[in-house]
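Novice: Protein sequences appear in the order of chains D and U. Counting from 6, one number per residue, gives the positions in the first sequence under the numbering used here. Counting from 1073, one number per residue, gives the positions in the second sequence under the numbering used here. Just dropping this structure here.
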Amino acid sequence: MSRTRKFMIILMVLLAMTGLAFAQAKKVTIVVMPKLIGIPYFNASEVGAKKAGEDLGINVIYTGPTTADAAEQVRMLEDFISKGVDAICVAPNDPAALTPVLKKAKAAGIVVLDWDTPADKSIVDLSVHQIDDVVYGQHCWDLLVKEMGDSGDYAILTGGLSAANLNGWIDAGLSYAKTKYPKLHLVTDKVPTDEKQQVAYQKALDLIKAYPNLKGIIGISTPTPIGAAQAVQEKGLKNKIAVVGTALPTDSRPYLEDGSLRVVTLWDPSKLGYLTVVLANDLLKGKKPVNGQEIANVGKITVKADGKTVIMGPPTDFTKENAKNFAF
Amino acid sequence: MKSNTDKKTLARLQSKEAVLLFIFIGVFVLMSVLSPTTFLTWRNLQSMAFQLPELGIFAIAMMVVIVSGGMNLSITYTAALSSIIGGLVLSKMTAAGIGPGPTILAGIATFFVVGLACGALNGVIVADIGIAPMLATLGTSTLFEGICLNITKGGAISGFPDAFLWFGNATILGVPFPMIVFVVVVAAAYFLMERSPFGFKIYMIGCNPTVTSYSGVNVKKNLHRVYLFSALLCAIAGILMSSRYNSAKESYGSSYMMQSISAAVLGGTDISGGYGRIFGTVLAVMIIQVISSGLNILGVNRFIINVIMGGILILVLTINFISSGRKANAK
């Protein structure tokens, strides 16, 4: 009896709080979902996305799974569809896995964008790319050749084998290298590293051991070049093996400075987050992006002929000299 | 007569399951109050009903094995392996231009065959060879993961017939189809475990396999069956997942591994075997779902959600431990 009474009292107190929750005003809400939270790259894009939310006076929810799991993204997106948000911008861990849930979102009248990594093209209203995949892939291989010369053994470490953007760059780079740098020799298939620095470090050690003539390592995905540089530094091979790749300047700075990492290239992820929110908000107002449009705090964007692929701009190279000038 | 029923009700209310029921109602009311316009809506209830069955089925697959005094660490990779081989059948037959009807039939048959084969292997290693279940299934889970990765090379298998997406995404009179599957699974598991001679033997084996064996029960045969049953449930979960995610990949559902143990234990299952109620496990899964969705809707950081889940698990285990200690003292 007393247990029931206690329970009723708690229930009543809770119901009394309901009024407070009702009082919240309705604002435009945009969900920005990265592949996972808690890694420097996606922390940087969070800063940009939140900043855009403040600048535009809208509500930006930046959240994602704690591991790069597509299934977890689906579950979280389902919750947001029931919550009834206005736009969803997602960086899919696996494009096919998100197709059903994104269809559901569209059916519920939610504007759907992808950013960082493309989702199923037929579903999204807008696809925000940081970079032109082909240009970027070729740029990575150019950097590698600049550091190791245009002949010799090299290997590729990648974040994950099913990440569409990483594969896009690698494929572009490989086909470019075939014609432009025929004397480059790839020792083995691209090696996956689970988007983890520790795994990249291990795999790089394995590669160094297995291929004694290795002259270069390309690390694709942000933790990867740093893990590889760590391995090269530990083995004292920084003059023999050139590590290049895609990484954040602050993370790579110690390795850039001692030469175990030669050069890394990337875009500013906070700008990407900012751009994504701005474009989503424009779309909600019925404004489509146009080629050459100037976005405040980001710069000029390119819109491809299909009218829904947006490209932020050319990559920035980070070296020993300039890495300290960047805050991400 | 009447006082007798009252006593029974009272005893039932003090059980582990009653504690869970109160916690469930508590968190449900709490979430409804915290976000009344979004949590307590038909759409959200429906979306939770879409999400819950996967963990629910895995939790039951885990629980039945724990009750038998074992442990099945291979549940998610059993589901993944059956999804990947079943998915291969689905996508290859679709690509070959075979109609959706025979493709889906063959695909689903493959899910079950592969799942049951995984279960049979677990059964052989645990019951016949006699390796400790936790080690045996740790080994098979690594084995299944390895086979998955060799087939997919880390990518996802997609290109299923559109009709296959129906299983994970359709609703019947507003009720998600996965939920209907889950209800059927719960009912079947309930009758099998708590109302049939087979279930009774499993509980006995979980309490003491030697004594059970001396009372004339074929322990090996029943252990085989429980691992097969567990694997069958994993194959069902695999079908729902690959349909809901429109693809098959080794990592789908890997986060369910520890969650399903948590759900079974939270549901009152004795980790050393011999006790566990289907109803308790279902309640535990519902609690986890409500907390996860509710906090997600509130915009709580995912890391903090993990912290809260862990806290609740420890809290409930503590309550159960203290109350069972009291009961023992009273005796």
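Ideal Cβ placement from N, Cα and C applies to all residues, glycine included.
Mapping DSSP to helix, strand and coil, what is VAL1298(U)?
Specialist: helix
Novice: Can you tell me where the alpha helix (DSSP H) with LEU280(D) in it begins and where it stops?
Specialist: 274-289
Novice: Excluding five sequence neighbours on each side, which residues of the same chain lie with their C-beta closer than 6 Å to the C-beta of ILE42(D)?
Specialist: GLY69
Novice: Whose C-alpha, out of TYR181(D), TYR260(D), ILE306(D) and PRO105(D), is nearest the C-alpha of GLY1241(U)?
Specialist: In the sequence on display, residue 1241(U) carries Asn and not Gly. When the alpha-carbon of ASN1241(U) is set against those of TYR181(D), TYR260(D), ILE306(D) and PRO105(D), the nearest one is in PRO105(D).
Novice: Using a Cβ cut-off of 7 Å (strictly closer), state whether MET38(D) contacts chain U.
Specialist: no
Novice: List the residues of chain D that ILE1369(U) touches, going by C-beta distances under 9 Å, in chain order.
Specialist: ASP84, PHE85, SER87 and LYS88
Novice: Quick check: what's the CA-CA separation for ILE1250(U) versus ASN1392(U)?
Specialist: According to the sequence shown, residue 1250(U) is Pro rather than Ile. Near 31 Å, if we compare the C-alpha coordinates of ASN1392(U) and PRO1250(U).
Novice: Where MET1313(U) and ARG1349(U) are concerned, what is the direct C-alpha to C-alpha distance, given to the nearest angstrom?
Specialist: 25 Å
Novice: Leaving out the 5 sequence neighbours to the left and right, which residues in its chain are closer than 6 Å to MET38(D) when beta-carbon positions are compared?
Specialist: GLY69 and VAL95
Novice: Could you tell me how far apart the beta carbons of ALA1121(U) and CYS1190(U) are, in whole angstroms, since I believe they sit closer than 8 Å?
Specialist: Contact doesn't hold; Cβ gap of about 28 Å is too wide.
Novice: By the criterion of Cβ-Cβ separation under 7 Å, what are the contact partners of LEU1237(U) in chain D?
Specialist: PRO105
Novice: Provide the residue span of the beta strand (DSSP E) that contains THR68(D), from first to last.
Specialist: Where THR68(D) is concerned, there is no enclosing beta strand (DSSP E), given that its DSSP letter is neither H nor E.
Novice: With DSSP as the reference, label GLY1158(U) as helix, strand or coil.
Specialist: helix
Novice: Please confirm whether SER167(D) has its beta-carbon closer than 7 Å to some beta-carbon of chain U.
Specialist: When Cβ-Cβ separations below 7 Å define contact, SER167(D) makes contact with chain U.
Novice: List the residues of chain D that MET1313(U) touches, going by C-beta distances under 9 Å, in chain order.
Specialist: ALA76
Novice: Any beta-carbon of chain U closer than 7 Å to the one on THR163(D)?
Specialist: By this cut-off, THR163(D) is not an interface position.
Novice: Nearest-angstrom Cα distance between PHE27(D) and THR193(D)?
Specialist: Low confidence applies to PHE27(D): its pLDDT is 43, below 50, so where it sits in the model is not reliable, and the reading given next is rough at best. Going from the Cα of PHE27(D) to the Cα of THR193(D) covers about 59 Å.
Novice: Going by DSSP in three states, GLY164(D) sits in which element: helix, strand or coil?
Specialist: coil
Novice: On the DSSP letters alone, give me the boundaries of the beta strand (DSSP E) that VAL1372(U) sits inside.
Specialist: Boundaries for VAL1372(U): no beta strand (DSSP E) harbours it, and the DSSP string shows neither H nor E there.
Novice: So is ALA26(D) in contact with chain U if we call contact Cβ pairs under 7 Å?
Specialist: Residue confidence for ALA26(D) is low, a pLDDT of 45 falling below 50, so the modelled location carries little weight and cannot support an answer.
Novice: Could you pull the start and end residues of the alpha helix (DSSP H) that SER132(D) belongs to?
Specialist: Segment 131-134 is the beta strand (DSSP E) holding SER132(D); no alpha helix (DSSP H) there.
Novice: Among ILE231(D), GLY114(D) and ALA54(D), whose alpha-carbon lies nearest the alpha-carbon of VAL129(D)?
Specialist: Closest option to VAL129(D), Cα to Cα, is GLY114(D).
Novice: Are the stretch 275-295 of chain D and the stretch 46-64 of chain D touching by the rule of at least three beta carbon pairs closer than 8 Å?
Specialist: Taking one beta carbon from each stretch, the stretch 275-295 of chain D and the stretch 46-64 of chain D have 3 or more pairs nearer than 8 Å; the two touch.
Novice: What residue range does the beta strand (DSSP E) around ASP119(D) cover?
Specialist: 116-120
Novice: From VAL269(D) to LEU253(D), what distance separates their C-alpha atoms?
Specialist: Distance between the alpha carbons of VAL269(D) and LEU253(D) is about 8 Å.
Novice: Identify the contact partners of ALA101(D) in chain U, using a Cβ-Cβ distance below 7 Å as the criterion.
Specialist: Within 7 Å Cβ-Cβ: ALA1228, SER1230, ASN1318 and SER1319.
Novice: Mind listing the chain D neighbours of GLY1158(U)? Cutoff is C-beta to C-beta under 9 Å, in chain order.
Specialist: Within chain D, no residue comes near GLY1158(U); the closest Cβ sits about 16 Å away, beyond 9 Å.
Novice: Does the stretch 1140-1158 of chain U come close enough to the stretch 1363-1372 of chain U to have 3 or more Cβ pairs within less than 8 Å?
Specialist: no
Novice: How far does the alpha helix (DSSP H) with VAL95(D) in it extend, from its first residue to its last?
Specialist: Element bounds for VAL95(D): not the alpha helix (DSSP H) but the beta strand (DSSP E), 92-95.
Novice: List the residues of chain U whose Cβ lies closer than 8 Å to the Cβ of VAL79(D), in chain order.
Specialist: What VAL79(D) touches in chain U: ARG1316 and TYR1317.
Novice: Contact defined as beta carbons within less than 8 Å: I believe ALA1149(U) pairs with GLU1217(U). What is the distance between those atoms, to the nearest angstrom?
Specialist: Note that residue 1149(U) is Tyr in the sequence shown here, rather than Ala. Yes, TYR1149(U) and GLU1217(U) are in contact; Cβ-Cβ is about 5 Å, under 8 Å.
Novice: With a floor of 4 residues, list each alpha helix (DSSP H) that falls wholly inside the stretch 1261-1345 of chain U, ordered by position along the chain.
Specialist: 1269-1279, 1281-1286, 1291-1316 and 1328-1338
Novice: With a Cβ-Cβ cutoff of 7 Å, do ILE1138(U) and ALA1335(U) count as a contact?
Specialist: no
Novice: Show which residues of chain U have a CB atom less than 9 Å away from the CB atom of GLY43(D).
Specialist: By Cβ distance, chain U contributes ARG1374 and PHE1375.
Novice: Checking contacts by CB at 7 Å: is ASN1116(U) closer than that to chain D?
Specialist: It does; some Cβ of chain D falls within 7 Å.
Novice: How about PRO197(D): is its C-beta nearer than 7 Å to some C-beta of chain U?
Specialist: yes
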